[in-house]
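A short write-up of the structure that comes next.
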Amino acid sequence: MRILISGASVAGPVLAYWLTRHGYRVTVVERAPTLRKTGGHAVDLYRPAMTISEKMGVLPRIEERATGTNRMTLHPEGARRPVRVDLSKIFNATSDRHVEIMRDDLSEIYYGAARDDVEYLFGDSITAISPDGEVRFDNAAPRRFDLVVGADGLHSNVRRLVFGDESRFSTFIGAYLGVLTLPTISGLDGEVLIHVGVGRTAGMYGARHLDEARALFLFRSDRELEYHHRDVRRQKELLRRTFTGLHADVDRWLDELDRTPAFYFDSITQLRMDAWSRGRVTLVGDAGYCPGPAVGGSTTLAVIGAYVLAGELARAGGDHERAFPAYERAMADHVHGGRASALSAARTLIPTSRFGVRGLVQGARLVSTLPAGPSRALLRLTTKTARLYNSMTVDDYPPS
Ligand SMILES: Cc1cc2nc3c(=O)[nH]c(=O)nc-3n(C[C@H](O)[C@H](O)[C@H](O)COP(=O)(O)OP(=O)(O)OC[C@H]3O[C@@H](n4cnc5c(N)ncnc54)[C@H](O)[C@@H]3O)c2cc1C
23 MRILISGASV AGPVLAYWLT RHGYRVTVVE RAPTLRKTGG HAVDLYRPAM TISEKMGVLP
83 RIEERATGTN RMTLHPEGAR RPVRVDLSKI FNATSDRHVE IMRDDLSEIY YGAARDDVEY
143 LFGDSITAIS PDGEVRFDNA APRRFDLVVG ADGLHSNVRR LVFGDESRFS TFIGAYLGVL
203 TLPTISGLDG EVLIHVGVGR TAGMYGARHL DEARALFLFR SDRELEYHHR DVRRQKELLR
263 RTFTGLHADV DRWLDELDRT PAFYFDSITQ LRMDAWSRGR VTLVGDAGYC PGPAVGGSTT
323 LAVIGAYVLA GELARAGGDH ERAFPAYERA MADHVHGGRA SALSAARTLI PTSRFGVRGL
383 VQGARLVSTL PAGPSRALLR LTTKTARLYN SMTVDDYPPS
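Residue numbers (the numbering used here): 23 to 422.
Written out as structure tokens, the structure is:
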């Protein structure tokens, strides 16, 4: 049985690994000319994704590549003194297993796990999929596959080809995000700096093995802003307009906008599809159920989804008419939970009022001053996302 996966970031390589372990022949087509190695942004792996990575034998490499972020300095707008928080306290209290890692490092590790058993077509993209499995590409000659899986992210090409325009499924959740790469400031060493004001939050972090840092900008907007997705100048201008004056640090990060080698800007949208399989085609990860970039545990959801999809296919003996609905049923609660938690995380991360900013700061102050026991109890009440993802249970699908 031949299976085509579109996308080689997180969900794609994890799915490719497990499908080959279950005995399927796999081809992955990736639009980028090579595996991306610019770092991307930091993503979180919670307990179920750590367990799946352990089964793949790649957990030690993932832990070795962790960003090493363990301290947060939180500056509320207008306050004289920042609040310092020991992040390891938070991680220990909310999760027995958690790793923060740069997305491109994670992708490279998952890719390496099955590189020799999978055919990769870089620099190509699907242009058409017929109901009988004939697939056309931008560059490669047409080929027939038994199944096609879209693992090509929030703006999925496969989803557009098979299910229709993205606007039918995406819901704007009232916020935008921007990320830029900038030179590491000395002394950052495991620290994330956050400046928070009403409706806008900016942060900077690095990773112990990278000689550059990332600045992340999150801001609220009641309505969708007008800009073309290729108009980078306008996107940078929107960031400048929103963040100038929040703090001198932030102004310095904004100064890098004209020099940055990597820039990302997007609305924070949530995908809401009732079903994400049609005929021989299904979706996995952000392509099918992104709860919202930067506000949820979507990477964990992508890893779980890839593992479950491969497992259900194997369980159904390759019969996709049984496997796809079983995969969707197994993921439904996780997907719904992820959506709800992303909305609440967005409210906390980008407060809408002075009261919200004060709440965030007081929470951070309490965590940093209380002894371990009470702060653990407090954290269990306030860190919903981590608790949700850590509590997700996933069936075991051992390869026969
Ligand atoms: C700024 C930012 C911050 C984030 N922060 C976090 C975080 O803190 N924690 C967290 O868990 N998650 C975070 N995320 C989300 C996380 O990056 C994704 O959930 C995760 O990468 C999902 O993986 P995926 O494989 O489903 O999709 P993606 O990582 O989006 O990968 C899609 C892949 O498909 C490829 N592709 C696209 N179009 C085509 C095509 N036409 N043909 C072939 N290939 C194609 C792309 O090049 C890419 O390789 C963040 C995302 C962003 C943008």
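For glycine and all other residues, C-beta sits at the position ideal for the given N, C-alpha and C.
How would you call residue i, buried or exposed, if buried means at least 16 neighbouring beta carbons within 10 angstroms?
i    : result
Q384 : exposed
L37  : buried
L96  : buried
W40  : buried
F377 : exposed
S397 : Reliability of the predicted coordinates at S397 is poor, the pLDDT of 48 falling under 50, and the value obtained from them is presented with this limitation in mind. Looking at its Cβ environment, which holds 16 or more other Cβ atoms inside 10 Å, S397 is buried.
D66  : buried
S28  : buried
A399 : Residue confidence is low: A399 scores 48 on pLDDT, short of 50, so the model does not pin down where it sits. Its coordinate-derived value is still stated next. Label assigned to A399: exposed.
R274 : exposed
E86  : exposed
L403 : At L403 the pLDDT is 46, less than 50, meaning the model places this residue with poor confidence; the figure from the coordinates comes in the next sentence. That one is exposed.
P313 : buried
I25  : buried
P164 : exposed
H251 : exposed
E76  : exposed
S189 : exposed
T415 : exposed
P420 : exposed
As a quick exercise: from the options, pick the residue whose alpha carbon is nearest that of residue i.
i    : options                   : result
T193 : M295, I216 and A270       : M295
E156 : A345, G301, V218 and R43  : G301
A71  : S413, S422 and P421       : S413
D417 : A54, T73 and G45          : T73
W298 : I123, T206 and V171       : V171
A150 : F185, V357 and Q257       : F185
F282 : G34, N92, E52 and T60     : In the sequence on display, residue 282 carries Thr and not Phe. Considering only alpha carbons, the answer is T60.
E343 : L169, L261 and A364       : L169
T56  : L261, G145, L410 and V325 : G145
R424 : E334, A224, D288 and P164 : Outside the displayed range of the chain (23 to 422) lies residue 424, so it cannot be described from this structure.
G34  : K406, A345 and A324       : A324
A367 : P347, L260, R58 and Q292  : Q292
E259 : H269, A270, R236 and F285 : F285
D152 : V180, Y133 and A136       : Sequence check: residue 152 is Ser here, not Asp. The shortest C-alpha separation from S152 is found at V180.
E122 : A135, R93 and R182        : R93
E234 : T206, A224, R256 and Q257 : T206
P104 : H217, S289 and T91        : H217
L204 : R236, R182, T223 and L176 : R236
S375 : L176, V220 and D139       : V220
G90  : G134, D108, V272 and I195 : D108
G100 : L365, L268 and R409       : L268
L279 : V330, R263 and L388       : R263
Using only the heavy atoms of ligand 1, determine whether one of them is closer than 6 Å to the beta carbon of residue i.
i    : result
S15  : No answer is possible for residue 15: the residues shown for the chain start at 23 and end at 422.
N179 : yes
R125 : yes
H356 : no
S375 : no
P315 : yes
H63  : yes
G29  : yes
S320 : yes
R182 : no
S147 : yes
R53  : yes
D296 : no
A173 : yes
V32  : yes
D66  : yes
G307 : yes
V157 : no
A386 : no
V201 : yes
A408 : no
A150 : no
A324 : yes
Between residue i and residue j, which are expected to be in contact by the criterion C-beta below 8 Å, what is the C-beta distance as a whole number of angstroms?
i    : j    : result
G307 : G360 : The pair is not a contact, with the Cβ atoms about 11 Å apart (cut-off 8 Å).
S243 : Y198 : 6 Å
Y142 : V80  : At roughly 17 Å, the Cβ-Cβ gap does not stay under 8 Å, so Y142 and V80 are not in contact.
M78  : R47  : Not a contact, Cβ separation roughly 19 Å.
L238 : V201 : 5 Å
R158 : G62  : So it is not a contact: roughly 29 Å between Cβ atoms.
R69  : I131 : Not quite, the Cβ-Cβ distance comes to about 18 Å (not below 8 Å), so this is no contact.
Subject >> Uninterrupted beta strand (DSSP E) stretches inside the region 281-345 (no shorter than 3 residues) >> reply: Annotation note: the region 281-345 contains the following uninterrupted beta strand (DSSP E) runs of length 3 or greater, listed N- to C-terminal: 285-293 and 303-305.
Subject >> Start-end ranges of the alpha helix (DSSP H) lying completely within the region 62-93, minimum 4 residues >> reply: Fully enclosed alpha helix (DSSP H) runs of 4 or longer: 69-77 and 81-86.
**OP:** Output the residue ranges of the beta strand (DSSP E) runs that lie fully inside the region 188-235 and measure 3 residues or longer, sorted by chain position.
**Re:** Taking only runs of at least 3 residues, the beta strand (DSSP E) segments lying wholly in the region 188-235 are 192-205, 213-219 and 222-227.
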